[in-house]
Amino acid sequence: MARDTVETHFIQAVTALEGGAARDPADPVRDGTTLTGAECRRLYKRQVDSRLLDIAARWLREQDEGFYTIGSAGHEGNAAVAAALRPGDPALLHYRSGAFYLTRSEQAGRLPEQGIRDVLLGLTASADEPIAGGRHKVFGHPDLAVIPQTSTIASHLPRAVGVAFAIERARALGAPSAWPDDAITVCSFGDASANHASALTAFNTAAYATFQGQPLPILFVCEDNGIGISVRTPKGWVEAAARRPGITYFGADGCDLAQAYDVARQAAEHVRTHRSPAFLHLSTVRLMGHAGSDVELAYRTQRDIRADLERDPLVATARLLVEAGQATPEELLSRYELSREHVLRIALETTRTPRLGSARDIMAPIAPRQADLIAKISPVAAEASTREKAFAGTLPESEGGVTLCQAINRTLADALAVYPEMMVFGEDVAKKGGVYGVTRGLQKRFGHTRVFDTHLDEQAVLGLALGAGVSKLLPVPEIQYLAYLHNAIDQIRGEAATLSFFSQGAFPNPLVVRVAGYAYQKGFGGHFHNDNAVGALRDIPGLVIASPSRPDDAASMLRTCLAAARTQGSVCVFLEPIALYHTKDLFDEGDGGWLAPYAPPSRWAETHVPIGRARSYGEGRDLTIVTFGNGLRMSLRAAVRLTQEGFSCRVLDLRWLAPLPVEDLLRAAELTGKVLIADETRHTGGVSEGIVAELLDAGFEGKIARVTSSDSFIPLGDAARHVLLSEEEIEQAARKLLS
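All residue numbers for the sequence shown refer to this note's numbering, where the first residue is 1 and numbers rise by one.
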């Protein structure tokens, strides 16, 4: 539907309106509603501005000065939702939420022009745009409690549930929060998105929490225009699907501002009073197509398009005002024309503002890290008396050598003791202490509010973490197995890692995801429990991937990740080699070569491991073996045998898979001139590909070889040995390179 058709219909329909008996502006605009004349006029202005922003978007696109044309036309009733909420209520908004954003901006005391300019700067990809700085057109602003979302498929809903969870949990922890104590969370989405797996995760998590008596103040708002791009939503489906145990359903005509306002207020009050979820179903229409390039007649009839036009919410609100004697048709049309000129003038001004001009500028917010600040925070420990209590009098530094599992456990305990806002959660992590005992005893010592089990849904686990992180808590979720992470990878790729980019760091997103991973588990098979695929993580911009092998590194690196998350909002994945959790020996049974003492706090500064720094073993000058994870133990064993044969080898443990420790890698490579990469991940898409590329890009002229696991899923039992990298393969490849 062309914009001129919509505007022409609006002008004709408003011109034909007939006035009614005048009401006082303080009185309701019609019987049976709480919407006053004054409030209706205010919201109508924001509805008009939102419509005109859509008009401006199409005009800018025609001038090749605008880059986004998905608009809010037909959805302007969401102004009523904003009016029903408070400016401090966190909002995660649908991309058709123009009227909501403008209303929230005004609620917060800003001039109407400021909200208009925000949106136009986004449409023109201006570097002056206040939230994303020209990186994407989003609705977001830190002063408005609007968290920017680029999602079109409801992937923001699990985070929204996490924000609602964090509002209540912060109060229980006595920790500072980004939101008022009585705040509620609102998230909006379309009817097609309500079918997405991430939306179902959010609804189920909210219902699950409520079923257990846990407060969860969230208002789901489905703006149902009956069509997803070109696919119809069956009539009645959204309402039928929305009715879930523990979630109270509210329905309203989103084209009728008075009804939408009344029902939105009821829904918001329910959530705020009962601290429980509600689903607000607004029936809307979609005007001007899905986006500027959309040809609706290719999949819709003229009759359907006309029916939507007849329900235009802008005309409906104008009718309310005219029939209540709050305005005349002439006044409304005159104001519309003046506002149109005003919005288009601002649109033209925004085309003259600067745009992002370099890759450096664009990438600046992706992963800001102040190494000095992280190094300063990482060694911080709780008071001695607090540590004594946390460890029941037996401090870990007095235990002697500890395993990888024990080192992680003790480090988590030390961190929980010093960071009151920190939470450890996931599947089986609480009473059981995890499948491998890594979190054993933590719930008993730190309580159910800080160490707790979730239901079995990785999207929900990460969504809770994302919501907690943006709310100023420090979440440390556990994903039980690496393969399970792939069920929810977009919560890291599309939600966690992008927030800093699309908010220029205005919304910190601290996250340390612990993942039990890699293969080589004896007596435990199947690709879901033995998984060596990390390619999906390594291509996420800004993501920190820690991969400790030894107990002492695990402790130091976990402290680094927690400090980076807490101070810089870093998103970190902490990959823990399952097969090394309880390993004690390196060469011979009983040698204790894989144990390491737990450093006391007095030594944390000197043992600090910066992000992106490798660890070298040996002083060999003939060959450098580059490895990580389980490969470290195998490579060290192979290197000793090679040394006994007269070869001089050194082993470089990368420790960090992103960012790769390029400087240390190049130094170790140049020292020997020969590099063997022992990579337990797959031949295709594995870590070794990145290592080879870094060496070649840096101009390394020596010899390079690699040995990897096969491009295979990992089978059950002993058959796994045929597709996984082995010590023998490392030795053979090393001898070939040395010959």
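Idealized CB from N, CA, C, for every residue including glycine.
So, with DSSP's three-state summary, where would you put residue i?
i, result
"H486", "helix"
"S339", "helix"
"V518", "This sequence places Tyr at residue 518; Val is not what is there. In this structure, Y518 counts as strand in the three-state DSSP scheme."
"C561", "helix"
"S50", "helix"
"C649", "strand"
"I131", "coil"
"T624", "strand"
"R86", "coil"
"Y778", "Because the chain in this structure spans residues 1 to 739, residue 778 falls outside the shown range and cannot be described."
"H722", "helix"
"F203", "helix"
"K584", "coil"
"Y740", "Absent from the structure is residue 740, since the part of the chain shown begins at 1 and ends at 739."
"R96", "coil"
"I677", "strand"
Taking C-alpha atoms, which residue in the options lies nearest to residue i?
i, options, result
"K522", "Q214, A720 and M288", "A720"
"D372", "A108, I677, A56 and A563", "A563"
"D64", "N487, T124 and R169", "T124"
"D49", "A91, C255, R117 and D664", "R117"
"R603", "G629, A555 and A417", "A555"
"A202", "I218, A417, Q212 and L60", "I218"
"L356", "L348, H136, E495 and V343", "H136"
"D457", "P215, C572, N204 and A192", "N204"
"L580", "P610, G631, Y598 and S616", "G631"
"L537", "D182, G494, G612 and L314", "G494"
"A56", "E349, W237 and P112", "E349"
"P180", "D191, G190 and A164", "A164"
"P551", "R410, Y44, G133 and E269", "R410"
"R3", "K235, D262, E113 and H290", "H290"
"P176", "Y261, Y419, L462 and K444", "Y419"
"Q480", "V513, A207, L738 and I362", "V513"
"P379", "A267, L558 and R41", "L558"
"S283", "E701, L395 and H75", "H75"
"T103", "A160, D294, T210 and R41", "R41"
"A38", "A26, K45 and E269", "A26"
"I70", "G190, T33 and E129", "G190"
"G569", "P577, T560 and L575", "T560"
Is residue i buried or exposed, if buried means 16 or more other CB atoms sit within 10 Å of its CB?
i, result
"H274", "exposed"
"H582", "exposed"
"F391", "buried"
"Q732", "exposed"
"D531", "buried"
"Q326", "buried"
"V515", "buried"
"H448", "exposed"
"H281", "buried"
"L216", "buried"
"I229", "exposed"
"K674", "buried"
"F446", "buried"
"L60", "buried"
"E310", "exposed"
"Q491", "buried"
"P234", "exposed"
"H608", "buried"
"S293", "exposed"
Open item on the list: Is it the case that the stretch 541-551 contacts the stretch 648-658, given that we only count it when at least three CB pairs across the two stretches are under 8 Å?
Closed with: yes
- [ ] Please determine if the stretch 449-458 and the stretch 420-431 are in contact, where contact requires at least 3 C-beta pairs separated by less than 8 Å.
- [x] yes
Open item on the list: Three Cβ pairs or more, each shorter than 8 Å: is that satisfied between the stretch 249-266 and the stretch 197-212?
Closed with: no
Open item on the list: Assess contact between the stretch 7-16 and the stretch 329-337, defined as three or more Cβ pairs (one per stretch) separated by less than 8 Å. Is contact present?
Closed with: yes
- [ ] Go through the stretch 7-72 residue by residue and report every complete run of the alpha helix (DSSP H) that reaches 4 residues or more, in order.
- [x] 37-62
Open item on the list: Quick check for students: name the residue ranges of the alpha helix (DSSP H) that lie wholly in the stretch 219-296, counting only runs of 4 or more.
Closed with: 237-242 and 257-274
Open item on the list: Counting beta carbon pairs with one atom in the stretch 86-95 and one in the stretch 182-196, are three or more of them shorter than 8 Å?
Closed with: yes
Open item on the list: Tell me whether the stretch 164-171 and the stretch 75-83 touch, counting them as touching only if at least three CB pairs, one residue from each stretch, are closer than 8 Å.
Closed with: no
Open item on the list: Check whether the stretch 463-478 and the stretch 108-117 touch, using three or more Cβ-Cβ pairs below 8 Å as the test.
Closed with: no
Open item on the list: Assess contact between the stretch 337-350 and the stretch 39-55, defined as three or more Cβ pairs (one per stretch) separated by less than 8 Å. Is contact present?
Closed with: yes
Task: Contained beta strand (DSSP E) runs [length at least 3] in the stretch 386-446, N- to C-terminal order - done: 422-426
Open item on the list: Three Cβ pairs or more, each shorter than 8 Å: is that satisfied between the stretch 643-655 and the stretch 587-599?
Closed with: no
Open item on the list: What ranges does the beta strand (DSSP E) occupy inside the stretch 104-191, keeping only unbroken runs of at least 3 residues that lie completely in it?
Closed with: 185-190
Open item on the list: Is it the case that the stretch 722-731 contacts the stretch 632-643, given that we only count it when at least three CB pairs across the two stretches are under 8 Å?
Closed with: yes
Task: the stretch 402-409 in contact with the stretch 613-624 per 3-pair CB rule at 8 Å - done: no
Task: Cβ pair count under 8 Å reaching 3, the stretch 703-716 against the stretch 674-686 - done: yes
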